[in-house]
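*Asks:* Take this structure first; my questions come after.
6 protein chains.
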Amino acid sequence: MKVLSFGELLLRLAAPSYTRFLQKDSFDATFCGAEANVAVSLSLFGLESVFLTKLPENEIGVAAMRSLQYFGVNTECIVFGDGRMGLYYLEKGASQRPSKVIYDRKDSAVALSENADYNWDKLFEGVDWFHFTGITPALSDNLSVICKEACMAARKKGIMVSCDLNYRKKLWSTEKAKEVMSSLMKYVDVCIANEEDAEKVLGISPDDNNVNEARLNKSGYELTAKEICQKYGCKYVGITLRESYSASVNGWSCMLYDRDKSETVFSSKYDIQIIDRVGSGDSFTAGLIYGLINGKSNQETVEFAAAASCLKHSVEGDYNRVTVEEVESLIRNGGSGRVQR
Amino acid sequence: MKVLSFGELLLRLAAPSYTRFLQKDSFDATFCGAEANVAVSLSLFGLESVFLTKLPENEIGVAAMRSLQYFGVNTECIVFGDGRMGLYYLEKGASQRPSKVIYDRKDSAVALSENADYNWDKLFEGVDWFHFTGITPALSDNLSVICKEACMAARKKGIMVSCDLNYRKKLWSTEKAKEVMSSLMKYVDVCIANEEDAEKVLGISPDDNNVNEARLNKSGYELTAKEICQKYGCKYVGITLRESYSASVNGWSCMLYDRDKSETVFSSKYDIQIIDRVGSGDSFTAGLIYGLINGKSNQETVEFAAAASCLKHSVEGDYNRVTVEEVESLIRNGGSGRVQR
Amino acid sequence: MKVLSFGELLLRLAAPSYTRFLQKDSFDATFCGAEANVAVSLSLFGLESVFLTKLPENEIGVAAMRSLQYFGVNTECIVFGDGRMGLYYLEKGASQRPSKVIYDRKDSAVALSENADYNWDKLFEGVDWFHFTGITPALSDNLSVICKEACMAARKKGIMVSCDLNYRKKLWSTEKAKEVMSSLMKYVDVCIANEEDAEKVLGISPDDNNVNEARLNKSGYELTAKEICQKYGCKYVGITLRESYSASVNGWSCMLYDRDKSETVFSSKYDIQIIDRVGSGDSFTAGLIYGLINGKSNQETVEFAAAASCLKHSVEGDYNRVTVEEVESLIRNGGSGRVQR
Amino acid sequence: MKVLSFGELLLRLAAPSYTRFLQKDSFDATFCGAEANVAVSLSLFGLESVFLTKLPENEIGVAAMRSLQYFGVNTECIVFGDGRMGLYYLEKGASQRPSKVIYDRKDSAVALSENADYNWDKLFEGVDWFHFTGITPALSDNLSVICKEACMAARKKGIMVSCDLNYRKKLWSTEKAKEVMSSLMKYVDVCIANEEDAEKVLGISPDDNNVNEARLNKSGYELTAKEICQKYGCKYVGITLRESYSASVNGWSCMLYDRDKSETVFSSKYDIQIIDRVGSGDSFTAGLIYGLINGKSNQETVEFAAAASCLKHSVEGDYNRVTVEEVESLIRNGGSGRVQR
Amino acid sequence: MKVLSFGELLLRLAAPSYTRFLQKDSFDATFCGAEANVAVSLSLFGLESVFLTKLPENEIGVAAMRSLQYFGVNTECIVFGDGRMGLYYLEKGASQRPSKVIYDRKDSAVALSENADYNWDKLFEGVDWFHFTGITPALSDNLSVICKEACMAARKKGIMVSCDLNYRKKLWSTEKAKEVMSSLMKYVDVCIANEEDAEKVLGISPDDNNVNEARLNKSGYELTAKEICQKYGCKYVGITLRESYSASVNGWSCMLYDRDKSETVFSSKYDIQIIDRVGSGDSFTAGLIYGLINGKSNQETVEFAAAASCLKHSVEGDYNRVTVEEVESLIRNGGSGRVQR
Amino acid sequence: MKVLSFGELLLRLAAPSYTRFLQKDSFDATFCGAEANVAVSLSLFGLESVFLTKLPENEIGVAAMRSLQYFGVNTECIVFGDGRMGLYYLEKGASQRPSKVIYDRKDSAVALSENADYNWDKLFEGVDWFHFTGITPALSDNLSVICKEACMAARKKGIMVSCDLNYRKKLWSTEKAKEVMSSLMKYVDVCIANEEDAEKVLGISPDDNNVNEARLNKSGYELTAKEICQKYGCKYVGITLRESYSASVNGWSCMLYDRDKSETVFSSKYDIQIIDRVGSGDSFTAGLIYGLINGKSNQETVEFAAAASCLKHSVEGDYNRVTVEEVESLIRNGGSGRVQR
């Protein structure tokens with residue numbers, strides 16, 4: 097099965113360990129991006145994973161592409177051209193001090209994409225699943241249009257389409273997000289959301305959930321999922337449920353709603369000591385896609401996606417460097433962390 | 097508002113990460129000192145912060161001074177002369193293994209200070225607040241005398257005086273400490289103490305507090321504060337309440353006693369996963385000074401000071417690299433640690 | 097008192113911090129080995145500690161030997177010769193992600209040992225205690241024979257013999273282990289085991305213990321210990337009781353059974369935030385040997401061994417870089433982790 | 097004497113040591129910029145050094161400002177506002193492999209400057225010297241206009257103006273550069289150029305110099321300098337003469353032409369083993385300004401500037417972390433490099 | 097054009113910077129191998145490059161494979177199975193101290209290869225060029241046989257065969273080497289040798305060359321090349337000419353002999369300040385293959401190969417991370433090392 | 097043969113790589129000391145090497161001792177007591193920028209030594225050679241007296257005494273040095289000096305040597321050596337001849353004068369690219385002692401000492417981590433630096 101993910105590939109400049117920005121005179125430099133994170137996970141899970149983006153035609157752009165090749169992601173259709181390497185600065189939080197992200201992704205090569213850069217008919221040859229997130233159309237008006245073209249081409253070819261709402265308030269307003277995403281959602285078969293997305297992007301909110309207080313309302317999430325499906329015709333809605341005790345410790349579980357079966361399943365809950373939580377939503381999405389593509393039951397799927405994204409919290413960098421075996425071992429044996437020797 | 101802090105500026109040589117002394121053949125090298133830590137915090141909080149000390153006339157002394165300039169601290173009146181750079185070795189603890197400090201600060205330039213090095217009348221021009229700690233008079237007999245002169249000059253000019261008792265048993269005996277500090281306390285308007293200081297330095301002890309057992313007796317602390325005010329005429333007493341579960345996890349809250357209002361206020365309590373706890377007392381003091389100078393209520397002041405010092409535990413190095421906005425965000429939003437993007 | 101420990105000295109190549117294998121292009125490189133870890137602890141505890149092994153005749157082998165000399169271990173009888181440096185790759189786990197060990201110790205110099213390499217009569221001159229673990233006979237058939245010769249020579253000279261079962265499924269089958277270890281156990285005075293060893297090696301199991309579920313059955317362990325003594329004539333059995341909540345947090349306590357006194361003692365239990373758990377069993381063994389050699393009571397001995405091995409979890413590397421003073425301070429003051437300055 | 101330097105403050109992301117871009121997953125991160133480098137040097141030389149720029153209103157911008165405060169540069173008039181942090185990627189060359197620079201400075205805060213951001217009349221109060229380089233007007237049309245306003249305001253106040261031509265082909269075409277710089281040059285008292293600038297920017301070229309062949313034509317440089325003075329009315333022209341043997345070894349000397357005295361002086365020549373050559377031109381400029389401001393003779397000035405910039409090649413980062421004493425010691429004692437202890 | 101390279105993929109554990117083995121407690125860890133180095137170069141030069149080997153079925157083996165995927169090398173036919181990861185320890189020399197290599201590659205997965213692991217008919221489908229070195233048959237008797245099968249299969253299909261003699265005295269005796277290599281040489285079209293190989297492996301020696309004295313005898317090398325062609329029927333012989341002044345500075349040039357044209361060409365000579373010289377012979381080979389495949393003239397080919405391998409000396413690690421553009425730029429512009437910005 | 101070296105063991109805090117002091121916020125931390133460097137070399141050369149000093153009774157002192165044990169140096173007679181760890185800050189120079197040393201060794205434990213700390217009769221049991229340097233008596237008046245006692249005890253027992261003049265102007269004046277050293281020199285059998293020592297300490301100077309100009313006058317050195325022997329009765333004088341071209345490149349050769357044979361021998365000269373030159377004089381001394389103890393000829397001795405100290409320049413840290421084999425290989429094969437594999 098072949099999955100094509102489309103979005104930005106970013107350079108992440110992270111202050112080392114738990115230091116504040118520029119406290120040390122170096123940055124840990126890795127590549128990332130919501131859709132690229134999914135592409136890497138899927139490749140590690142054994143699927144044929146294609147990543148599509150536009151990169152600047154210089155050594156930094158080439159290194160970005162290679163960071164995906166390293167994991168076996170197919171990068172053959174990546175476009176090189178003008179524009180800069182999008183990047184973001186990351187300061188990892190600890191205890192009561194939150195993580196901080198400073199975006200510097202304006203005028204990136206992918207944001208400057210033009211329609212002619214992507215020939216969707218050709219790109220979708222042999223593709224079974226198309227994945228993008230709400231970040232991509234937020235990057236430029238051109239990309240909004242390009243995403244719509246991609247969605248339409250996918251629908252025409254009967255390709256499954258998944259979209260993580262991924263609302264980023266620094267990229268666009270809720271108004272703009274609602275307008276653009278509403279027009280894309282009708283092509284989306286599998287919608288992924290975290291706690292804030294549905295409300296900010298689609299105007300659908302689970303009452304009573306105060307995400308900062310680490311109390312979550314399960315039935316509220318179920319209602320949200322149902323409403324998304326009714327409104328946009330999605331088949332599945334996946335939601336991650338994070339309980340934020342501090343920047344160091346979180347509770348984590350996940351939900352999957354299946355419209356056709358009218359079934360809502362919740363995963364086991366994990367209490368996590370966080371090494372790096374950036375990209376955990378993307379690792380959930382990858383787990384969901386893997387489960388659905390492989391015909392797992394909804395419960396199996398949500399457990400797989402939850403375990404995969406639980407493990408992501410223990411892995412440095414945005415990419416979720418874990419295998420199917422490791423995910424299944426966590427599901428089977430629990431997370432007691434005994435040494436494997 | 098202009099605050100002058102006076103004390104030693106030290107070089108801190110810390111074993112990297114959680115290694116034991118010299119397990120790796122390098123030291124993390126940063127500058128610090130009880131009063132310098134306060135000066136940096138106050139500068140970051142937007143006050144005009146002056147730091148006064150004497151430094152060795154070599155490249156290490158100059159780098160020490162620059163470490164303060166970096167944060168905008170006014171270093172113009174720092175004296176350079178003979179003597180060495182005081183330093184301390186730090187081994188960070190973890191779990192049941194405590195942190196270790198080895199002092200090597202004898203014969204530092206500041207300890208060799210002579211009265212002629214400091215013209216207090218001139219130094220205090222335009223100054224609103226004078227801060228020092230019990231460490232400074234402990235460094236040498238000369239410094240005891242110099243501190244007294246400073247206190248008297250400050251009183252004469254109507255400058256507020258704050259003093260953190262900061263008892264260090266490796267620097268002087270309790271007897272010497274009691275003798276010297278008693279003669280200085282009558283000039284002190286704001287006295288800061290942690291759990292052990294009051295007893296060791298002033299002979300005033302809250303009964304029943306066993307700091308190692310993580311149980312704290314709030315009313316005992318209140319009595320201690322009252323007694324300090326009665327005995328020495330202080331206007332405020334600030335106390336930090338640490339519950340030491342392990343070297344990795346602590347409970348943290350703070351108390352402020354206002355003699356004139358006869359009011360005792362306690363802050364919220366934070367459960368902290370510790371990155372670096374050295375300097376947390378100083379960050380509390382800075383928060384206290386900031387609150388009092390800005391006319392905050394006692395409750396607001398103690399919450400600000402507690403939140404500032406809570407955040408210090410998540411920051412590497414002695415300096416508390418946090419802003420007023422970050423402190424207020426913790427007070428307002430709690431410490432759930434959600435990523436800010 | 098002079099203790100001779102015999103076994104392999106390995107190079108440990110650990111992925112830095114919490115990264116996955118080769119995520120960074122470097123390895124932390126330290127030396128280790130179940131028996132070498134014991135030898136280092138004993139030397140740090142002030143005993144005369146001799147380590148015996150065979151090392152490759154190159155710079156890596158020499159550096160391995162020096163890593164022991166650094167701690168004052170007597171390395172004079174180490175043999176140099178053909179064969180490679182045994183090594184293992186370590187990936188440290190975190191939260192729900194377990195640590196991973198990849199052995200690469202085949203054909204190491206010590207595994208290629210021949211009987212003629214060790215003249216036990218001479219080696220045991222002045223020795224009071226001989227220690228080895230189940231790993232050594234597992235390395236090669238020659239070493240099985242050599243261990244037996246060593247045990248017989250020790251018994252003949254009235255030297256106490258301790259053995260940690262240390263079953264490693266990647267080195268031999270349970271069948272082979274049972275066969276070989278059964279023939280050695282009759283020479284063993286002090287047997288050390290963790291949760292899985294007794295069952296896998298000796299076929300003796302405490303019912304109802306599911307080590308992954310963090311519930312432990314104290315009486316089951318006592319029965320196991322008694323059975324070991326009955327079956328093999330051991331005088332003491334020491335057992336470590338780990339409760340694995342996650343790769344980051346464990347509960348830890350220890351048990352000692354004294355056959356002659358028919359006394360079972362349990363240590364205090366520690367809740368540990370783990371820095372590095374590899375070598376904790378060896379640090380327990382060293383504590384046990386130290387207690388027994390110094391004529392401590394059984395309760396004192398097990399508390400010492402438990403505190404020593406509790407501290408090991410907070411120390412990077414396999415070697416337990418702690419002193420008797422530090423162990424006794426933990427027993428006396430508890431693990432509140434207050435800064436020592 | 098007070099010098100105001102105006103230009104961009106950049107983040108430099110350098111591949112560690114001699115690795116290629118992203119070969120290691122980190123960047124050394126320091127701040128720099130042609131004019132900021134001059135400002136730091138002048139502050140270290142003991143002059144009152146003011147730096148003016150516009151920075152993004154985030155933690156990266158604040159850290160950039162602090163990197164100057166560290167050296168005592170006056171940053172009080174720095175403007176904070178919209179726009180990004182300009183940056184460049186650096187790969188250090190070695191032997192036959194050249195260093196590489198990838199600019200990513202478009203739409204930086206300073207490039208988005210508007211006239212209203214700078215009130216030159218007020219900024220120039222008490223200022224004796226104004227310095228900028230050809231990079232600043234190259235960043236945006238607004239900045240071209242702003243530079244002209246600054247030049248005119250400086251001329252009106254009788255402030256000396258220095259300008260390093262600093263042609264960067266990735267920022268603008270030679271045509272644009274010629275047009276803009278020609279209109280600015282008439283306000284310039286001291287013009288600094290390296291081998292390629294005069295030709296590319298002003299269309300004036302020393303014949304026969306092939307900079308890649310490490311042969312330099314002294315009289316050609318003199319002619320160039322004279323022509324610049326005739327054409328634009330400059331009083332001084334400073335030129336650096338680099339002989340590039342390889343990326344590791346260079347010859348280095350400097351020239352100063354004094355129009356009024358009609359005097360051309362050349363410095364001693366240094367054979368340099370390069371640690372970091374970026375910023376060497378700026379360190380020459382700072383030396384020149386220091387010499388001229390302090391009334392040194394032309395020969396003394398060019399020797400000072402040459403020695404200062406020679407030392408720059410041995411200092412990591414763009415900033416030239418050397419003092420007047422060190423420069424004078426090199427002039428006096430030569431570069432034999434004996435240990436100073 | 098598609099080139100298949102066959103050999104071992106090794107883990108290189110290098111002491112950091114210029115430290116001695118284990119002076120620091122870490123190793124820089126990268127992957128390498130004579131044939132893998134060639135495969136990476138060819139992929140970077142834009143050819144379709146396939147690498148074939150056998151790797152251990154664990155995370156280290158997978159990471160090794162990914163290190164090639166990163167550069168776009170086709171790894172699809174790599175076999176995973178039993179055996180260990182071959183490795184070597186490297187200590188980089190400096191000045192008069194030579195670099196040291198300690199092999200630990202016995203019983204690696206590839207050395208344990210069996211004939212059945214490689215189906216040459218299928219592997220060679222679409223392949224134009226086959227490359228191996230004398231190291232591969234030296235690793236095990238099985239590999240000798242396998243190499244011969246590969247050579248015969250290649251000859252049958254009309255595939256060009258290149259072989260670097262690469263004699264390693266720690267892997268086999270000169271007698272064994274002569275015996276095995278003689279039987280392989282008749283299938284070799286392009287033979288690559290350095291100064292010592294021809295004599296040690298084929299018994300052909302250029303008189304009067306004392307490689308330690310940095311004097312080289314050009315005509316001796318030409319005679320050697322001719323003799324190789326006469327004896328074994330090779331079409332081309334490439335030889336690298338290193339003049340070792342010290343571990344830090346070397347002279348470097350190359351020779352190519354073309355039997356059919358009876359033409360001997362020498363490249364320009366480079367004086368190199370060495371960053372990392374390991375792998376320079378392999379980078380020469382890759383340059384040779386690139387030149388011959390692309391129909392360059394002999395002189396162009398040897399210049400390309402010499403420039404490519406000159407640049408290798410400035411690149412950390414065994415892989416030669418340079419592009420065709422960079423090689424051609426060195427040929428065109430010389431190695432003056434001016435910054436490219 | 098057993099050699100006892102007596103002096104200070106220091107902590108060296110070096111700015112990493114070629115950075116300036118505190119440019120990075122860490123120090124490389126290693127142990128060193130003129131006499132300790134000799135002791136380590138001798139142990140690596142296979143002699144029984146005893147080191148005597150007094151160290152502070154804390155973890156830093158213990159780590160210092162262990163740094164010697166690592167190399168097999170006998171540390172059993174080291175005294176622990178009051179006083180601090182002496183240290184020095186090192187900034188490594190490059191090209192024209194000289195290295196800098198800042199001493200901070202006042203009041204070190206060894207400087208506070210009292211006569212009672214050293215029982216020379218017992219310490220010298222079985223000792224064949226006693227080594228100290230002019231640094232030790234410079235540290236305190238007590239140490240001057242103690243050195244004299246040691247010298248007298250050694251003479252009484254017929255132990256060879258060697259002394260490196262090692263004048264340090266930051267420790268004492270030339271007057272004090274002359275006075276003290278003159279009284280010690282009459283017990284010295286082997287005197288070691290570098291270019292400046294003889295003049296500064298003994299008032300004996302080779303005319304015409306300008307050490308900064310890299311020209312050396314061989315006959316002047318011979319005269320100096322003769323005069324030392326005549327004046328103080330020494331048997332041997334060893335002198336190092338450094339030609340300082342820059343901080344990166346030096347010429348290096350050595351001289352030995354044998355009074356009884358009236359023979360002067362010079363070593364080969366090495367052109368060295370410097371990694372770390374600190375400790376090179378000590379490595380020469382160790383080579384001299386090794387040669388003389390082993391009855392080598394004067395020429396062999398000076399070649400050995402020169403080659404050993406040549407290699408030191410390529411080794412990081414003060415300790416000369418090289419073996420007899422490596423030294424002899426350099427003598428035999430020259431310093432062409434070919435890879436040893």
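Residue numbers (our numbering), protein chains in the order written: chain G, 97 to 437; chain W, 97 to 437; chain Z, 97 to 437; chain U, 97 to 437; chain H, 97 to 437; chain E, 97 to 437. Each residue gets a CB set at the ideal place from its N, CA and C atoms; glycine is no exception.
Given a threshold of 16 other Cβ atoms within 10 Å of its Cβ, counted over all protein chains shown, does G/N211 qualify as buried or as exposed?
*Replies:* The residue is exposed, with fewer than 16 neighbouring Cβ atoms inside 10 Å.
*Asks:* Got a sec, what are the start and stop residues for the alpha helix (DSSP H) U/P152 sits in?
*Replies:* Unbroken run through U/P152 is the beta strand (DSSP E), K150 to P152; no alpha helix (DSSP H).
*Asks:* What in chain U is Cβ-close to H/H409, meaning under 7 Å?
*Replies:* S191, listed in chain order.
*Asks:* For U/E412, does the count of other Cβ atoms within 10 angstroms reach 16, so buried, or fall short, so exposed?
*Replies:* Label assigned to U/E412: buried.
*Asks:* Does DSSP put H/A190 in a helix, in a strand, or in coil?
*Replies:* In the structure shown, H/A190 sits in a strand (DSSP, three-state: E or B).
*Asks:* For the segment 245-322 of chain G, which segments carrying the beta strand (DSSP E) assignment without a break, of at least 3 residues, lie completely within its bounds, in sequence order?
*Replies:* Runs found: 256-260 and 286-289.
*Asks:* Report all residues from its chain with a CB closer than 8 Å to the CB of Z/V307; omit the five preceding and five following residues, and keep chain order.
*Replies:* A caution first: Z/V307 carries a pLDDT of 48, below 50, which makes its placement in the model too unreliable to give a value.
*Asks:* Along the segment 190-213 of chain Z, where does the CB come closer than 9 Å to a CB of chain G? Name the residues.
*Replies:* Answer in chain order: A190, S191, Q192, R193, P194, S195, K196, V197, I198 and Y199.
*Asks:* Can you name the residues of chain E whose CB is closer than 7 Å to the CB of W/N154?
*Replies:* Result: I198.
*Asks:* Taking Cβ-Cβ distances shorter than 9 Å, what residues in chain G pair up with Z/T336?
*Replies:* Ordered by position in chain G, no residue passes the 9 Å Cβ test against Z/T336, which lies about 13 Å from the chain.
*Asks:* Give the secondary structure of U/N238 by DSSP, where H, G and I count as helix, E and B as strand, and everything else as coil.
*Replies:* It is helical.
*Asks:* Find the nearest neighbour of Z/K296 within the set Z/V284, Z/K357, Z/L280 and Z/E275, judged by alpha-carbon distance.
*Replies:* The shortest Cα separation from Z/K296 among Z/V284, Z/K357, Z/L280 and Z/E275 belongs to Z/E275.
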